[in-house]
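As you go down the protein sequences, you meet chains S and H in turn. So in the working numbering, spot 25 of the first sequence is number 25, and the numbers just go up one at a time. So in the working numbering, spot 398 of the second sequence is number 398, and the numbers just go up one at a time. Shown next, in structure tokens, is the structure this report addresses.
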Amino acid sequence: MTALAISGLTKRHGGRAALDDVSLAIDAGQFVALVGPSGSGKTTLLKSINRLVEPDAGVIALEGRDVRQVPLAELRHGIGYVIQSIGLFPHMTVAENIGIVPKLMGKGGEDRSAELLELVALPAEMASRYPRALSGGQAQRVGFARALAARPKLMLMDEPFGALDPVTRDALGQAYRGLHERLGLTTLMVTHDIAEALLLADRIVVLIEGRIRADGTPAQLLAHDDPDVKAMIDVPRRQAERLAAL
Amino acid sequence: MSPALAEALAELPALIRAHLLLSGAAVAIGVAVGLPLAIVATRRRAVRTPLLAFAGLVQTIPALALLALFYPALLILGQATGLPIPALGFLPALIALSLYALLPILRNGIAALQGIDAGVIEAADGLGMTRRQRLTMVELPLGASVILAGIRTAAVWTIGAATLATTVGQLSLGDLIFSGLQTENWVRVLAGCGAAAALALVVDALLALVEAGLRRRSRWRVRLGLGALAAALVLAFLPLAGGGGAAPGNGRVVVIGAKNFSEQYILASVIERRLQAAGYRTERRDNLGSTVAYQALANGDIDVYVDYSGTLWGNILQRTDTPAPQAMLDTLTGELHRRDGVLLMGGLGFENAYALAMRRQRAEALGIRSLADLTRAAPQLQLGADLEFLTRPEWRSVQGRYGLAFAGQRSFSPTFMYRAIADGSADVITAFSSDGRIAALDLVTLADPRRALPSYDAVLLVTATRAGEPRFVEALRPLLGAIGVERMRQANLMVDRDTDKRTPAEAGRWLDAGQR
């Protein structure tokens, strides 16, 4: 079943096309990585879905409904959103941060912070702490818990592991992949890290200069013959070979 | 305790109350207007730039000038709209101070909202907060301490600048400072400054407590700080709302005006005593500028004050001729009544003329007795004038008739003008003929054979609405022709001298006792 259908998406910044007639269909339950060099339009594509960016042309349908027909707040409450800078509210406790979307939806009654903290493998006593007392990895785990609090089906993630150290990054990536399976989520993740995309995603979409250049499983991508795509994929492969040769 | 200190302390509670109300209201308006403007300006650059430029411009206008500008502005507005807009007192002071409070609130408000981490804003939007939710749940709480720092700055500035509200006839701690400066009563000046500074420090400390409370999320700090501020404002407001309670049925409180020198304070206190004896409740508006005082009377903002015929002749009627004293009084009586319905009751019995004066020794050494003699000596002499004289028609008239050209000329407030001639930094000053310091400093006034200076009989002026009130007019009538120049000089000297100083109220009692 198609969870997200994008067709003819176009967005211009000044004279340059950030997105040029992009069409993409994502099935429910898929974990899609959106990769490409800086400025290729991947963040613009992601933000068009929850309408943080308004495209110049094209239609985006979420479970069959045009996102422009859904009231903005309702649309965003229903989509999990995780970003590189995390963006926890510094004046709220961890529990208040996690509970914010249910509260905005008027369902602030029950405190599910313990359950959600457990979901992201954080101890329950963290609930009363403020964000400044958390490490980077802990903070992003809270970021995930906050995004998941209203039980969204779709997760939009923009470089979610980008600000973390390599060990934390790997651990959190694996942990999220587990949540994706367990909760039956549909995930669209922007990353510039090809290795991360290859290791976590079911499907990789390569954007270059606002157009889709390649779209396939990690295995298909590894065998792709487009020279630009090949050059991108070769980086982690060569690094792996050099590491193996040490 | 010295009587001057006792008197200053007795006035203090009422002045602090008025001062607190005025600055509290001004800061409240500054916040109520500044904060929404800061929110709009943060979102729209097209609003932000001109707004900050405007607020910055207001800030460059000296507070004293800003206050003075609102008096004529409100007067014109009142005349144009026909609405009873009070141009004197609380309203002009409030508007000017609110404008003054605006800049720090606006600037910090914009800085606070713009300074919020972009990631936090993106998260707020991405999680589906509406603009209003983002503002109230994220931006304002996060910006609160910077916004509050702006309010603190505004509060301290406003409490300081509110002392200047005295010049537009609003009661404030400035009353002590201004009258103290004029009469060289440093106890009053210190009491006024000290009280204003203490008030500013206390308010700043309470706001700092609120700020710390917001930063540390400590409810008791926020509550204690806000509670104390609110309690102070309520206390300041209550006695006014409750009313004085004295002499009900006497109608509106009589407002007595005075300009900014000792003689005016003394005469105002004499008038006040007479009216109180007749059963009126009274209020004072001291330290009014020369033209402000008359306009205020014409507009009904004050009910009665003493002015001088030559001043009214030049400033109000814009005349430059110098008729004989009685002819001038008759014309003034008719003209002021015709123009503004003002009643000129008559002269008090003495003149307070501008008179050029020199130290006796110096005048005799140079052989100067009159302004005509001064013509040849002037190029070697320094003139010390009061703040108004050099811009008044009388100065043009003196220059025209005697061709006076001094080596240099400087303006002083009256107190310092007399100091200047005493210490020799001025050779000639524009003294006032009823001033006790003429005798005290052994000065001679120079004769005016060509009648360049008009006469300056002290006259009692009553506003139109009181002119038809017999009890009011009769209460003041005994003062007409009753105060000779010698007694006035003595009363002035009691207040102005350095030793055994008396307060204007004491001098007024002494002066009035001589009439009965």
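Think of the CB as a built atom: it goes at the ideal place given N, C-alpha and C, for glycine as much as any other residue.
Item: Is H:Ala-431 near H:Thr-445, with beta carbons less than 8 Å apart?; Value: yes
Item: Could you check where the alpha helix (DSSP H) with S:Leu-246 kicks off and where it finishes?; Value: It is not in any alpha helix (DSSP H) - S:Leu-246 carries neither H nor E in the DSSP assignment.
Item: Let me check understanding here. Comparing Cα to Cα, which of H:Ala-491, H:Asp-340 and H:Asp-512 lies closest to H:Pro-530?; Value: Limits of chain H in this structure are 1 at one end and 516 at the other, which puts residue 530 of chain H out of reach.
Item: Consult DSSP for S:Asp-228 and reduce its assignment to one of helix, strand or coil.; Value: helix
Item: With distance defined between alpha-carbon atoms, name the residue in H:Pro-72, H:Ala-80, H:Ile-105 and H:Leu-83 nearest to H:Ala-93.; Value: H:Pro-72
Item: Flag H:Glu-122 as yes if its beta-carbon sits less than 8 Å from any beta-carbon of chain S, otherwise no.; Value: yes
Item: Straight-line CA distance for S:Asp-304 to H:Leu-233?; Value: With chain S covering 1 to 246 only, the question about residue 304 of chain S has no answer from this structure.
Item: Would you say S:Ala-33 and S:Leu-200 are within 8 Å of each other, going by their C-beta atoms?; Value: yes
Item: What residue range is occupied by the uninterrupted beta strand (DSSP E) comprising H:Thr-183?; Value: No beta strand (DSSP E) contains H:Thr-183, which DSSP labels as neither H nor E.
Item: Check the DSSP bridge columns for H:Ile-16 and list the partner residues they point to.; Value: In DSSP, H:Ile-16 forms no bridge with anything.
Item: Check the Cβ-Cβ distances between H:Gln-133 and every residue of chain S, and say whether any is below 8 Å.; Value: yes
Item: Would you please verify whether the beta carbon of H:Leu-142 is less than 8 Å from any beta carbon of chain S?; Value: yes
Item: Rounded to the nearest angstrom, what separates H:Ala-467 and H:Arg-152 at their Cα positions?; Value: 47 Å
Item: Are the CB atoms of H:Ala-41 and H:Val-47 nearer to each other than 8 Å?; Value: yes
Item: Please list, in chain order, the chain S residues whose beta carbon lies closer than 7 Å to that of H:Asp-125.; Value: Leu-52
Item: Is the CB of S:His-91 under 8 Å away from at least one CB in chain H?; Value: yes
Item: Determine contact between the segment 180-191 of chain H and the segment 290-306 of chain H, defined as no fewer than three beta-carbon pairs at a distance below 8 Å.; Value: no
Item: Leaving out five residues before and five after S:Met-105 in sequence, what residues of the same chain have Cβ atoms less than 8 Å from its Cβ?; Value: His-77 and Ala-150
Item: I want to verify the contact list: residues of chain H whose CB lies under 7 Å from the CB of S:Gly-81, in sequence order.; Value: The identity of residue 81 of chain S in the sequence shown is Tyr, whereas the question assumes Gly. Going along chain H in sequence order, the residues near S:Tyr-81 (Cβ under 7 Å) are Gly-126 and Leu-127.
Item: Would H:Trp-220 be called buried (16 or more neighbouring beta carbons within 10 Å of its own) or exposed?; Value: exposed
Item: Which chain H residues are close to S:Ala-113, counting only those with a beta carbon under 9 Å from its beta carbon?; Value: According to the sequence as given, residue 113 of chain S is Ser; it is not Ala. By Cβ distance, chain H contributes nothing, its closest Cβ being about 16 Å from S:Ser-113, past 9 Å.
Item: Taking only heavy atoms of the ligand PLP into account, decide whether any of them is closer than 7 Å to the Cβ of H:Arg-221.; Value: Looking for the ligand PLP in the displayed structure turns up nothing, as the structure carries no ligands at all.
Item: May I ask you to list the residues that DSSP assigns as paired with H:Tyr-308?; Value: H:Ala-458
Item: Between H:Thr-163, H:Gly-115, H:Ala-101 and H:Leu-366, which has its C-alpha nearest H:Gly-150's C-alpha?; Value: H:Ala-101
Item: Please tell me whether H:Val-187 and H:Leu-5 are closer than 8 Å, where the distance is taken between their beta carbons.; Value: yes
Item: Helix, strand or coil, according to DSSP, for H:Arg-284 in the structure here?; Value: strand
Item: Quick one: Cα of H:Ala-422 to Cα of H:Leu-267, how far?; Value: 26 Å
Item: Is the CB of H:Thr-282 under 8 Å away from at least one CB in chain S?; Value: no
Item: What number of angstroms, rounded off, separates the C-alpha of S:His-13 from the C-alpha of S:Asn-50?; Value: 19 Å
Item: Does the beta carbon of H:Thr-130 come closer than 8 Å to any beta carbon on chain S?; Value: yes
Item: So if DSSP puts S:Tyr-81 in a beta bridge, which residue, or which two residues, is it bridged to?; Value: S:Leu-156
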